[in-house]
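Trainee: Residue numbers (my numbering), protein chains in the order written: chain F, 1 to 175; chain R, 176 to 483.
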Amino acid sequence: MDSQTIDLALTRITHQVLEKKRDFSRFGVVGMQTRGVFLARRITNKINELAKTNIQCGTLDVTFYRDDYRISLRQPEVKVTDIPFDVNNMNLLLVDDVFYTGRTTRAALDALMDYGRPKTIQLAVLIDRGNRELPIRADYVGKKITTLANQVVSLNVQEKDNEDSLWLMELEDGE
Amino acid sequence: MGLHIQHLLGLEGVSKEDITLILDTADSFYSVLERDIPVVPTLRGKTIVNLFYENSTRTRISFELAEKRLSASPLNFSASTSSVNKGESLRDTIQNIEAMKIDMVVVRHQSAGVPYFLTNCTDAVIVNAGDGLHEHPTQALLDMMTIRRHFGKLDGLKVAIIGDIFHSRVARSNAWGMTTMGMNVVLCGPPTLLPQHRDSLGVKITDNLNEALDGADVVMLLRIQLERQSSGTFPSIREYRDRYGIDIEKMRRLKPNVLIMHPGPINRGVEVSSDVADSPNSVVLEQVTNGVAVRMASLFLLGGGENV
Numbered sequence: 001m002d003s004q005t006i007d008l009a010l011t012r013i014t015h016q017v018l019e020k021k022r023d024f025s026r027f028g029v030v031g032m033q034t035r036g037v038f039l040a041r042r043i044t045n046k047i048n049e050l051a052k053t054n055i056q057c058g059t060l061d062v063t064f065y066r067d068d069y070r071i072s073l074r075q076p077e078v079k080v081t082d083i084p085f086d087v088n089n090m091n092l093l094l095v096d097d098v099f100y101t102g103r104t105t106r107a108a109l110d111a112l113m114d115y116g117r118p119k120t121i122q123l124a125v126l127i128d129r130g131n132r133e134l135p136i137r138a139d140y141v142g143k144k145i146t147t148l149a150n151q152v153v154s155l156n157v158q159e160k161d162n163e164d165s166l167w168l169m170e171l172e173d174g175e
Numbered sequence: 176m177g178l179h180i181q182h183l184l185g186l187e188g189v190s191k192e193d194i195t196l197i198l199d200t201a202d203s204f205y206s207v208l209e210r211d212i213p214v215v216p217t218l219r220g221k222t223i224v225n226l227f228y229e230n231s232t233r234t235r236i237s238f239e240l241a242e243k244r245l246s247a248s249p250l251n252f253s254a255s256t257s258s259v260n261k262g263e264s265l266r267d268t269i270q271n272i273e274a275m276k277i278d279m280v281v282v283r284h285q286s287a288g289v290p291y292f293l294t295n296c297t298d299a300v301i302v303n304a305g306d307g308l309h310e311h312p313t314q315a316l317l318d319m320m321t322i323r324r325h326f327g328k329l330d331g332l333k334v335a336i337i338g339d340i341f342h343s344r345v346a347r348s349n350a351w352g353m354t355t356m357g358m359n360v361v362l363c364g365p366p367t368l369l370p371q372h373r374d375s376l377g378v379k380i381t382d383n384l385n386e387a388l389d390g391a392d393v394v395m396l397l398r399i400q401l402e403r404q405s406s407g408t409f410p411s412i413r414e415y416r417d418r419y420g421i422d423i424e425k426m427r428r429l430k431p432n433v434l435i436m437h438p439g440p441i442n443r444g445v446e447v448s449s450d451v452a453d454s455p456n457s458v459v460l461e462q463v464t465n466g467v468a469v470r471m472a473s474l475f476l477l478g479g480g481e482n483v
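(1) So is Gln-181 (chain R) buried or exposed if we call it buried at 16+ other beta carbons inside 10 Å?
(2) Between Glu-175 (chain F) and chain R, is any beta-carbon pair separated by less than 9 Å?
(3) Would you say Val-189 (chain R) lies against chain F (beta-carbon separation less than 9 Å)?
(4) At the level of alpha carbons, what is the spacing between Leu-73 (chain F) and Gly-478 (chain R)?
(5) Counting pairs of Cβ atoms below 8 Å between the segment 304-318 of chain R and the segment 253-269 of chain R, do you hit three or more?
(6) If we ignore side chains and look at the alpha-carbon of each, how far apart do Phe-27 (chain F) and Phe-204 (chain R) end up?
(7) For Leu-178 (chain R), does the count of other Cβ atoms within 10 angstroms reach 16, so buried, or fall short, so exposed?
(8) Answer yes if the segment 215-227 of chain R comes into contact with the segment 87-99 of chain F, meaning at least three C-beta pairs across the two stretches below 8 Å, and no otherwise.
(9) So which of R:Asp-389, R:Phe-292 and R:Glu-310 has the shortest CA-CA distance to Arg-427 (chain R)?
(10) Could you check which residue in R:Leu-208, R:Ala-350 and R:Leu-183 has the C-alpha nearest to that of Thr-294 (chain R)?
(11) Does chain R have any CB closer than 9 Å to the CB of Phe-85 (chain F)?
(12) Taking only beta carbons into account, state which residues of the segment 91-107 of chain F come closer than 7 Å to chain R, listed in chain order.
(13) Whose CA, out of R:Asn-442, R:Val-378 and R:Val-302, lies closest to the CA of Phe-227 (chain R)?
(14) Only counting the same chain, and skipping five residues up and downstream in sequence, which positions put a Cβ closer than 8 Å to that of Thr-104 (chain F)?
(15) Find the nearest neighbour of Lys-333 (chain R) within the set R:Asp-392, R:Met-279, R:His-372 and R:Val-378, judged by alpha-carbon distance.
(16) For Arg-210 (chain R), decide whether its Cβ has a neighbour in chain F, counting only Cβ atoms nearer than 9 Å.
(17) Taking Pro-290 (chain R) as part of the alpha helix (DSSP H), name the residues at either end of that continuous run.
(18) Evaluate the contact criterion for the segment 310-318 of chain R versus the segment 341-356 of chain R: three or more CB pairs, one atom per stretch, below 8 Å.
(19) How would you label Glu-242 (chain R), buried or exposed, when you count the other beta carbons within 10 angstroms and need 16 or more for buried?
(20) CA-CA distance, Asp-496 (chain R) and Ser-253 (chain R)?
(21) Could you tell me the alpha carbon to alpha carbon distance between Glu-159 (chain F) and Asn-45 (chain F), rounded to whole angstroms?
(22) When you measure from the CB of Val-378 (chain R) to every non-hydrogen atom of the ligand PLP, does any distance come out below 8 Å?
(23) Touch check for the segment 53-62 of chain F and the segment 11-30 of chain F: three-plus C-beta pairs under 8 Å?
(24) Buried or exposed, going by whether 16 or more other CB atoms sit within 10 Å of the CB of His-284 (chain R)?
(25) Residues of chain F with a CB under 9 Å from the CB of Ser-248 (chain R): which are they?
(26) Helix, strand or coil: how does DSSP classify Gly-352 (chain R) here?
(27) What in chain F is Cβ-close to Ser-203 (chain R), meaning under 9 Å?
(28) Contact between the segment 146-157 of chain F and the segment 432-452 of chain R is defined here as three or more beta-carbon pairs at a separation below 8 Å; is this criterion met?
(29) List the residues of chain R that Tyr-140 (chain F) touches, going by C-beta distances under 9 Å, in chain order.
(30) From the DSSP secondary-structure annotation, give me the bridge partner or partners of Gly-31 (chain F).
(31) Counting only beta-carbon atoms, is Gly-130 (chain F) nearer than 9 Å to chain R?
(32) Is any beta-carbon of chain F found at less than 9 Å from that of Ile-194 (chain R)?
(33) Quick one: is Ser-206 (chain R) near chain F, going by C-beta distance under 9 Å?
(34) Return the chain-ordered list of same chain residues with a C-beta closer than 6 Å to the C-beta of Asp-110 (chain F), the five sequence neighbours on each side being excluded.
(35) Within this structure, are the beta carbons of Met-358 (chain R) and Gly-331 (chain R) separated by less than 9 Å?
(36) Check the Cβ of Pro-216 (chain R) against every Cβ in chain A and list those closer than 8 Å, keeping chain order.
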């Protein structure tokens with residue numbers, strides 16, 4: 001995927017959101033650290049432009065909620081969580097870049113619940129690479145791809161990596 | 176990424192990267208503490224023993240709260256109500272506790288070096304909550320966190336630490352940590368309460384209060400340990416107050432945005448007057464709040480992953 005196809009996918013997701021939601025009075029977008037934050041901001045801008053609204057966008061770091069904390073050998077780096085609105089009774093759109101095992105989404109749902117009680121939470125992902133380990137699905141998907149466990153799917157974004165691009169890499173044995 | 180240290184025994188020799196990581200993580204926990212539900216499930220299932228051989232209210236409660244906010248299971252041990260009274264040795268105590276499957280030990284002891292000794296008796300992660308006249312690393316970390324939240328940086332700031340330097344593990348930990356972070360530390364007190372080996376800490380030491388206060392961004396006052404007064408380290412409380420206590424008159428000569436800090440408990444009217452302790456420049460209560468966040472960060476970073 002390049003800059004243009006990524007933008008098309010985000011635009012399509014935005015239109016699907018607009019199709020389902022008429023009322024944006026209690027609507028907020030939350031992007032998951034790190035790349036999901038930038039995608040969330042782009043979707044927020046698109047919604048605000050198309051629907052003439054003024055919805056806000058927050059960021060969420062789920063490190064404290066991960067289930068691999070106890071077994072992972074490297075200590076994680078904690079990033080910023082900043083949700084500028086009260087999540088109670090809100091309709092939230094959670095945005096992530098790559099949807100894989102579902103474990104990060106599980107952690108994000110737990111984290112959001114500790115901030116309050118949202119009315120609904122929907123999930124938008126740019127890439128769904130399959131291989132789910134939990135019964136979780138996305139409401140909006142930019143692109144579905146088929147991958148193997150030894151492959152790594154990695155997204156670059158203009159805001160952080162100076163280009164929009166999607167990479168699929170094979171891991172050597174033991175890496 | 177991750178800490179380079181396995182235990183938190185002191186700040187001597189701890190790198191700038193490690194201190195910065197702990198302070199950054201503590202900032203994240205600070206925002207967790209401000210939520211409606213200030214608990215995260217991170218250390219669920221981990222057992223942490225608070226092994227306190229010396230009296231403490233603030234530090235023990237702060238550690239216990241940090242452990243509960245991380246969903247760990249705290250186990251409190253105080254020497255006065257335990258088998259220590261029956262003559263059990265420290266090594267036997269810790270090995271018995273370890274036999275009950277614990278993951279971390281937070282220890283305070285009247286003898287310097289006990290936390291280090293424990294690392295040789297057990298596989299658990301050891302966190303020093305104050306050992307003798309040696310170090311009190313989490314207090315220094317919460318002090319640095321408080322300063323950094325106010326000034327946005329640590330590098331280049333001048334800190335005057337005033338009082339009973341000789342008996343203060345807080346001063347020692349701060350001297351190590353703050354110097355590592357590029358701060359200019361001056362220790363000040365009556366000559367009888369200054370360390371004997373003046374060069375060992377690598378910071379400026381003086382008995383001249385004006386010299387210490389000149390250009391200071393932070394003034395940290397230490398408790399005058401009234402129980403040690405009988406040993407004759409200074410003539411009288413009143414003389415100490417007049418020469419080294421900070422009152423509103425002395426504060427007027429300081430920078431307008433100076434931070435007044437105190438690790439507690441405060442002797443009002445001795446090392447600091449009430450109007451200074453309650454002034455807008457005083458961040459004494461912020462220090463207590465930040466203490467929980469810094470201890471959460473330390474336990475979180477030390478307790479993660481399996482032992483390699």
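Every residue gets a Cβ at the ideal spot worked out from N, C-alpha and C, and that includes glycine.
Mentor: In short:
(1) exposed
(2) Residue placement at Glu-175 (chain F) cannot be trusted, given a pLDDT of 46 that sits under 50; what the coordinates show is reported in the next sentence. With 9 Å as the cut-off, Glu-175 (chain F) does not count as an interface residue toward chain R.
(3) no
(4) The predicted position of Leu-73 (chain F) is uncertain, since its pLDDT is 49 and thus under 50; a value taken from the coordinates is nonetheless stated next. Near 11 Å, if we compare the C-alpha coordinates of Gly-478 (chain R) and Leu-73 (chain F).
(5) no
(6) 27 Å
(7) buried
(8) no
(9) R:Asp-389
(10) R:Leu-183
(11) no
(12) none
(13) R:Val-302
(14) Met-32, Val-62, Arg-66 and Asp-96
(15) R:Asp-392
(16) yes
(17) 289-294
(18) yes
(19) buried
(20) Nothing can be reported for residue 496 (chain R), as the shown portion of chain R is limited to 176 through 483.
(21) 14 Å
(22) In the structure on display, the ligand PLP does not appear, and there are no ligands present to speak of.
(23) yes
(24) buried
(25) Per Cβ cutoff of 9 Å: no residues; Ser-248 (chain R) is ~14 Å from chain F at best.
(26) helix
(27) Asp-61, Thr-63, Phe-64, Val-78, Lys-79, Val-80 and Thr-81
(28) no
(29) Neighbours of Tyr-140 (chain F) on chain R: none; closest Cβ ~28 Å, over 9 Å.
(30) F:Thr-59 and F:Val-95
(31) no
(32) no
(33) yes
(34) Tyr-65
(35) yes
(36) Reference to chain A is not applicable here, since the protein chains of this structure are F and R.
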